[in-house]
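Our numbering numbers the first residue of the sequence shown as 29 and each following residue consecutively.
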Amino acid sequence: MSFASLGLSAPILTAVAEQGYDTPSPIQIQAIPQVLAGRDLMAAAQTGTGKTAGFTLPILERLLNGESAKPNHARVLILTPTRELAAQVGESVSLYSKHLRLRSAVVFGGVKINPQMIALRRGVDVLVATPGRLLDLYKQNAIRFNGLETLVLDEADRMLDMGFINDIKKIMAVLPKQRQTLMFSATFSTEIRALAKQFLNDPVEVSVTPNNATAPTVTQWISPVDKKRKPALLTRLIQEGDWQQVLVFTKTKHGANKLTAHLNAEGISASAIHGNKSQGARTKALADFKSGSIRALVATDIAARGLDIDQLPQVVNFELPHVPEDYVHRIGRTGRAGASGYAVSLVCADDLKLLQAIERVTRQTIERRQVPGFEPVNLVPEETTVAKPKHNRRPKKPFKGHADGQRSGFVASGHKPKAR
Ligand code: AMP
């Protein structure tokens with residue numbers, strides 16, 4: 029299966045190829061033809077499945093026909109629950125429409141409204157928005173929806189969880205009845221089905237997680253450590269766990285280079301992949317990693333986007349990401365297609381704010397496991413104040429070594445986090 033066989037035009041195929049995607053993901057194979065055919069869609073797909081391209085690519089294709097947007101109007105509206113997701117989806121829209129003459133904008137709260145009003149003046153083909161700010165803009169006559177062609181509700185389950193139902197209803201009330209509606213959600217809960225019944229018209233249902241049993245299982249844990257001892261802890265984890273294929277995330281390109289040098293010096297073959305590396309160097313590093321000739325691939329978030337690595341057993345957050353959604357993306361690199369995956373974050377006292385944000389967004393308290401000998405001088409609390417754990421708290425578990433290969437000691441009674 030290729031992207032070309034899904035019926036996408038050359039400029040879109042070029043943009044997809046530039047992202048390094050070879051083959052469409054399952055959600056893309058299922059969703060793209062239906063969206064192109066103009067059907068409403070109800071899709072169960074989580075972050076990490078390629079859902080964003082699953083709706084963006086066919087939407088862009090459809091936008092190639094028809095008239096461009098009138099001033100202060102949008103042809104496609106994509107609603108997301110958080111600013112971070114809005115920014116991320118907006119980024120995807122820009123990337124995939126790079127070779128098209130389409131205008132897009134992203135609007136969310138917490139920043140000045142004026143530049144957003146200016147951006148909407150000429151009209152946009154694709155508007156990505158969070159509900160509250162969109163309503164503000166609507167009230168100020170900055171945006172109108174006559175002629176809206178397609179509405180996307182991304183992460184609809186999370187919008188409900190975050191209490192956006194009334195905002196959504198208000199927005200729905202001002203959208204034209206005649207439109208295409210696509211709804212993405214991690215699961216089809218009763219509430220989601222009720223929402224779909226109300227706002228979708230004879231939707232096609234597609235799902236890449238048919239039931240919870242086949243949902244990806246990622247065991248997550250946190251290893252508290254002082255900042256300066258992170259490299260030594262990582263070395264210990266890789267060696268003692270006998271990890272043969274580990275994707276390590278760092279915050280900066282420089283950090284990626286430094287850590288790669290450290291790992292190589294410790295006898296753990298590693299390569300870095302980031303924006304300053306040539307495409308050739310990146311391709312080689314990825315090929316070496318996939319073939320097993322290097323054990324560790326050290327990447328920044330941007331570089332890791334679009335890396336297609338199947339069945340990756342182990343992800344390490346050497347540093348936590350600044351955007352909590354990137355945490356979800358990062359760990360989504362493991363535990364794909366129902367396989368088990370393991371994601372460990374090396375957390376020092378400086379990382380507390382970032383950890384709080386991640387635990388809040390993922391609505392969980394990630395289990396702490398102290399590796400003996402790496403106890404931090406500056407402590408990492410057992411629980412951040414803002415996380416609302418849905419699971420019973422577990423007592424801290426000691427690091428037990430690697431009696432039966434890479435997974436022992438870390439996952440013997442691995443807790444399975446809620447999928448999102
Ligand atoms: P999403 O589930 O939309 O958040 O996408 C998860 C990640 O998969 C993003 O980093 C995308 O860039 C990447 N991605 C999307 N489609 C593909 C594909 N067909 N092949 C490889 N990577 C992809």
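The C-beta atom is built at its ideal place from N, Cα and C for all residues, glycine as well.
- How would you write the range of the alpha helix (DSSP H) that Arg149 sits in, first residue to last? Asn142 to Arg149
- Item | His350 in three-state terms, based on DSSP | coil
- Item | Beta-ladder partner(s) of Ala102, from DSSP | Val152
- Thr42 by DSSP, collapsed to three states: which one? helix
- Message: For Thr42, which residues in the same chain have their Cβ closer than 7 angstroms to its Cβ, ignoring the five residues on either side in sequence?
- Response: His127
- Message: Could you tell me the alpha carbon to alpha carbon distance between Gly320 and Gly295, rounded to whole angstroms?
- Response: 15 angstroms
- Item | Segments of 3+ residues assigned as beta strand (DSSP E) that fall wholly inside the region 56 to 135 | Counting only runs of 3 or more, we get 69 to 72, 102 to 107 and 132 to 135.
- Item | For Asn406, the three-state DSSP class (helix, strand or coil) | Coil, per DSSP.
- Query: Per DSSP, Ser213 is paired with what?
  - Reply: DSSP links Ser213 through a beta bridge to Ala72.
- Check Gln342 in the structure and name its three-state DSSP category. strand
- Ile394, DSSP secondary structure in three states: coil
- Task: Classify Tyr370 as helix, strand or coil using the three-state DSSP reduction.
- Result: strand
- Message: Please classify Ala72 as buried or exposed, where buried requires at least 16 neighbouring CB atoms within 10 angstroms.
- Response: Result: buried.
- Task: Determine the DSSP secondary structure at Arg422, reduced to helix, strand or coil.
- Result: Interpretation of Arg422 is limited by its pLDDT of 45, a score under 50 that renders its predicted location unreliable; no figure is taken from the coordinates.
- Task: Would you grab the beta carbon distance between Thr22 and Val246 for me? Rounded to a whole angstrom, and I think it's under 8 angstroms.
- Result: What is shown of the chain runs 29 to 448, which leaves residue 22 out entirely.
- Rounded C-alpha distance that separates Ala184 from Gly94: Near 28 angstroms, if we compare the C-alpha coordinates of Gly94 and Ala184.
- Query: Do Leu88 and Tyr124 come within 7 angstroms of each other at the CB atom, strictly closer than that value?
  - Reply: yes
- Query: Can you tell me the Cα-Cα spacing of His282 and Thr77, whole angstroms?
  - Reply: 29 angstroms
- Message: Nearer than 6 angstroms: is that true of the beta carbon of Ser217 relative to any heavy atom of the ligand AMP?
- Response: no
- Taking 7 angstroms as the cut-off, decide whether the C-beta atoms of Gln206 and Thr178 are in contact. no
- Message: What does the alpha-carbon distance come out to for the pair Leu36 and Leu92?
- Response: Leu36 and Leu92 have their C-alpha atoms spaced approximately 11 angstroms apart.
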